[in-house]
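So the structure is just underneath, and the comments pick up after that.
The following block contains the structure:
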């Protein structure tokens, strides 16, 4: 194959972003179609990769190399294995759906799409780059546009905490979209500071010759170094994966962000954190992994239960979804922490499943908000009559998030549970299962309150349209994937397994 | 042991100059303080140059003196300029730019 | 004639200076735009000359060298001068029409000082060059004597400046005393044996140089001067004299000293840490963007010192890289500030509300400059920061690197606040901001600089590492 | 081994699911109402026919599996079917009832808007598929998957009329309660997998027979599995959802909450009996809880006036019977009762449905004298009642007797007594319903369904299934009264008469009370006193759950929510606020006075000197 498919996939959105900026003002249709084409190209590439990835030989494939800063051993080195393959697929799906979901963006759509696509390029880059350094490069690209995306097109919430620490909240301006944007961006950049230091430490320890993951994998780092570098990575990436107690950017950020951004961020970027922990933290530092896995697992358990409980306490729909993400990322980290085949597969599968699921959620919440102009769960009611499509889709998403079989969510959780019980700290199983149960509590509560319940008598909610036109496309894509991978998990597990098993081999997990 | 005597003298003069700079409120006074400091340096240089028995020190001194002159010239002009706009030569009255 | 001979460029600049001066004498009454153009053309030529020059020659029996470092310095000074003059041409302030020649002459004088300084290998030359560079700066700060901020800024700059040069000179006297000669080649051996007099001298000089590069606590003059002086000039002093200071530091404390140089590491590391923290924190509450950039500049000096503290080839090389990246980023930012000031007559961050809606390209370029300063990928600043961290970590200074990395987040905070004004808020008046052609060119140049360095840093890295190598290899 | 039956078994499972797909994906078809119903019914019919063929043709157990969850060494979990005599009979029951119920629904939902009907039948087909999948599941994973899916269908169908607040609430309640049990089941499955390394029933059986399964820790596993069963099969205290589930359309109650889904728990235990045999303590628990549930539910049934709730509680009670039998160690007896009960309870529900459809109320006290108005319904309902009461020649007779025998033979006197009392009460409350609803004076009904015209027998679409089921239960009854099946236990001679006697006693009491009015119902109520009031309140189990949910869970959630905003996030904000203020503070040193600057400079130099002093 002469084509640099990975590069095409990664840079296609960027290219279309440039085109969009080049377009004259007030050409909405053209802007949207350009964006759509860009993402479609990525989608096609992703599918091509999925089809042509050779599971039998496993390992990294589709190598692309080009020396970037030879004097420092920085190479533009791309390749994917099963894990990244799935993540790439996820990204492609989400952004495609995202473009459709934000078809109706009115203000400054040019900049919106440009930034969104720039962001996506970053995300793709992270998943496909093998060179730690390029990884980091794309990582920052994936984080930064968030600020403007939320700041300009976001919506301010109603949360105005008072009382304890009121002065601090006042000073930082909790509740406004600017606050959310700033918090999210800075928090994630803080994480990247940790990552950077850890990365350089490894690079130097390995003799300042190469940043390539493959090269570094071969190195046996000194345990003491491993130990703190692992923590640096864990915190750095963990912030993005919303591990407790570094998760508070997620609710505010996701609640304020515009639909497509929430989709992309909760759906893909959080995975990016988990991916970093697994691929770089665990992949490069086997000893430290063994040493710290108890911590990772324990915090993951906290995430699961804590996130679920927080979600129960929310009255704002977007906050519920955001906290559910916190809880589900717990499942991911837990699966990874088990260091067992099933757990690891479960973790990666959960990344994918939750990505689709939460993408769907935010798409739907966006639609509901657009039609009903409300996010207050207990004001709305009986929407199923007026917007059956949205109601059904939301229900399916909810069922998936509470781990109902025949949706992707179940497979992920089931595998994770198996892994947890067969791991060194088998007690992890119980918080995980309880978390799943709590999820069923708050999800169904919401579903009943908004959709499948008595109609609210609020005059605003008497005549509401169902989703229409392009909005359907987004919903259908996501629901379809969710169910498809729930019914035929083999589609995903096979490539995943091809990448997790070698990783576990190196970790001595099996 | 002559050298160290000179050095100490220079040190004393330098310190006096610095003290003056920090304590004088009048800009011109501060300029004088700076003059003292520079002359302390000259003492040093000459002393060293004698000690080593070669002239470069002296040369440097000459340069130093010229430059000092230039500096003072410019300094005074700035002080005048300041006095024109602010109607004061007191250094600590001039604090519009801060924070 | 072959520019590889020492003093060729200097003499070229001197001729230019005279030419402009005479021009001023000749066309007394007319407006002085011409002087600016002449200066510009001259500088452009000299810059090219500097680029074509080859290192290696020596003059005045070794007190004036044309080595890699000096060439780097000269190119940097000339380039920044060129950009600054470009921007100055866009200044509409009457003083530039009436007294432009003065401005350019003095400007060139200072530039001449820098060029000489870059090559000085003798204490006398060093000192003279230093003063030749500094004294004009005081004048230029107060150039807009009509504005009531200018004299105050000039006064403060002048007093602190001359005190610090007194300190430098005092230290210099001890160095001379210890070495018995003004040739810097005599310094390394003395340091190697730890001659107290020498160390005393160098210590004092470090204090004085700290003022030139504006490291905390010697930075106090920076914000006030920046606020007072006219923007193109500020853009220039925000980089050129500091670079000169670093060249001097490299000459005095690093070149040829080799192993013994580690002696200074703790001192420099402390200065770095303090500068990074204080600079970034104090930048947060600033309302005036020039002050904000001033404080962030202080922080950047901290990062430069961080690289220097590594006292390694890579460290020094990365400091040079950082200087160039910083040149483009910072000057560019100041040029945009100048453009906005030209329309709004204000340097308040408030004046940037909705800039993205008024003139998108201007806003975008400012955003990029700030991001470059903040160290965001695909901008020169990113590599710069990364490289200094690398150098630091290479020497095992993990905590220092970590501190630096964390405080970049603080830096991004106040840069993003500006971004927020430009992009998120709505403009008070929708009219676009006019950007004079020369200024546009200058901005474009800086933009090109940060992006080229950001996308493909390799050649630069190699060049600078080579320069650094010479410093450590010599004797 | 490739058997001609394979396609048939597959057909049983796939026919409904294809119907569902059709309805789910082809929106216009779904919205068209009756055509949708026809599609679904066709699916069910196909399933039924193939089920019959499978049942007739099956000689040896038949298993087929395909990999579902791959892992490094082949397959972690697989899907497929295991057809043996248990599953094939169960298939028969499920397909039969669901077919009849779907037909019945045509009439019952006649005045539902077309899209509603489409939705209804989509759910129905999905349920049929999941239930059948559960029945034929060859391993625990598939069983669990289908298990959850039937739970989902029950949720959807209970909430079919979601505009009714009570319905919406009941649906969620049902889901939550069963889900709570499923947590146990899931844990059990995971633990078991870790314990034995397989999900597959056949393999498990081999391991058990080979004595390769460690006993220690097994009790926990079986207990967890039992939790799941208890949730689905409404064992105390998880029975609370079943009565509320009656908010759903009556056919649904007949199918899901009487005949099939609720019995899934029992079926699971029957499937796993060989494993439970290893943990007698758990079995004992199962038995006692079962018996207790049976008795308690029977009492509750006596205190209800809503005909459907009476039936619901009787279902709970009968499930208790089955569980007790399994607990006694004779799963076959429980399974047998499951089958017969499935038939006649469906019959009863559909009959009740017909009545409600005609009368427009669930309240038996507002019915009466319907026998004259709707004779057919009366007859079939009576058949059902007699079977439930367990009188000879009727469906429930032998199965109930066998359960009693099993329990007695299992040496569990306590549960045995419970069950006897329950049997008595069963007869009593069922005939109470019969007498109040069908005999006695006609009460005037103003709020009558369908305006003025008097209630009448149901249309063919409803009466046909009724008769079919009636005949079926009669057939079972007659057949088994004379052919005693082989059992692992022998019934003591006195048991049959005793059981019959007890049942008839209940009937008589009911007759005396509600027909002859020789004993006043009030007096009876007085006699039972506080017990009755407690029963009326459902023994406050609901209140207990609500207390746990509101008082503990939600409270905890609020606390956590507060902590998250004010502590975790608060600290973060404090730190940021401090950073900003720190900047403000430092600005203070920039006084703008030149001397201070000089001071700073001097201080710096001095500091450098000081440091040098140390360095030299």
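Chains as they are written, first to last, in this note's numbering: chain A, 1 to 510; chain B, 1001 to 1099; chain C, 2001 to 2475; chain D, 3001 to 3616. Even glycine gets a Cβ: it sits at the ideal position worked out from N, Cα and C. No experiment lies behind these values; they were computed from the predicted model shown.
Any chain B beta carbon closer than 8 Å to residue i
i	result
residue 2241 of chain C	no
residue 2123 of chain C	yes
residue 2127 of chain C	yes
residue 2184 of chain C	no
residue 3598 of chain D	yes
residue 2295 of chain C	no
residue 3592 of chain D	yes
For residue i, the nearest candidate out of the options (CA to CA)
i	options	result
residue 191 of chain A	C:2422, C:2406 and C:2459	C:2406
residue 2478 of chain C	C:2235, C:2428, C:2378 and C:2144	Residue numbering for chain C in the displayed model covers 2001 to 2475; residue 2478 of chain C lies beyond these limits and cannot be assessed.
residue 2016 of chain C	C:2348, C:2027, C:2006 and C:2035	C:2035
residue 309 of chain A	A:435, A:291, A:295 and A:40	A:435
residue 3308 of chain D	D:3360, D:3397, D:3332 and D:3111	D:3360
residue 2044 of chain C	C:2105, C:2120, C:2086 and C:2401	C:2086
residue 3593 of chain D	C:2248, C:2221 and C:2231	C:2221
residue 1016 of chain B	B:1041, B:1054 and B:1004	B:1041
residue 3080 of chain D	D:3373, D:3030, D:3006 and D:3073	D:3006
Closer than 8 Å to chain A by CB, residue i
i	result
residue 3308 of chain D	no
residue 3447 of chain D	Note on residue 3447 of chain D: pLDDT 45, under 50, position unreliable in the model; the coordinate value appears next. Judged by the 8 Å Cβ criterion, residue 3447 of chain D is not in contact with chain A.
residue 3470 of chain D	no
residue 2414 of chain C	no
residue 3070 of chain D	yes
residue 3244 of chain D	no
Residue-chain proximity (residue i, chain D), Cβ-Cβ < 8 Å
i	result
residue 1091 of chain B	yes
residue 2450 of chain C	no
residue 2164 of chain C	yes
residue 497 of chain A	yes
residue 1099 of chain B	yes
residue 2145 of chain C	no
For residue j and residue i, believed in contact at Cβ under 8 Å, the rounded distance
i	j	result
residue 475 of chain A	residue 359 of chain A	Incorrect: roughly 10 Å between the Cβ atoms, too far for contact.
residue 3385 of chain D	residue 3430 of chain D	5 Å
residue 348 of chain A	residue 250 of chain A	Not a contact, Cβ separation roughly 20 Å.
Contact with chain C by residue i, beta-carbon distance below 8 Å
i	result
residue 3575 of chain D	no
Report task. Run through the region 187 to 247 of chain A for me and flag every whole alpha helix (DSSP H) of 4 or more residues, listed as ranges in chain order. Result -> 213 to 217 and 223 to 240
Report task. Please go through the region 3157 to 3202 of chain D and give each complete alpha helix (DSSP H) segment of 4 or more residues, from N-terminal end onward. Result -> 3165 to 3196
Query raised in the report: Using Cβ-Cβ distances below 9 Å, what residues of the region 2195 to 2214 of chain C are close to chain D?
Result: 2196, 2199, 2200, 2202, 2203, 2204, 2206, 2207, 2208, 2210 and 2211
Query raised in the report: In chain order, what residues of the region 60 to 86 of chain A put their CB closer than 9 Å to some CB of chain C?
Result: 67, 68, 69, 70, 71, 72 and 74
Report task. Mind listing, in chain order, the continuous beta strand (DSSP E) runs of no fewer than 3 residues lying wholly within the region 16 to 103 of chain A? Result -> 61 to 64, 67 to 69 and 78 to 80
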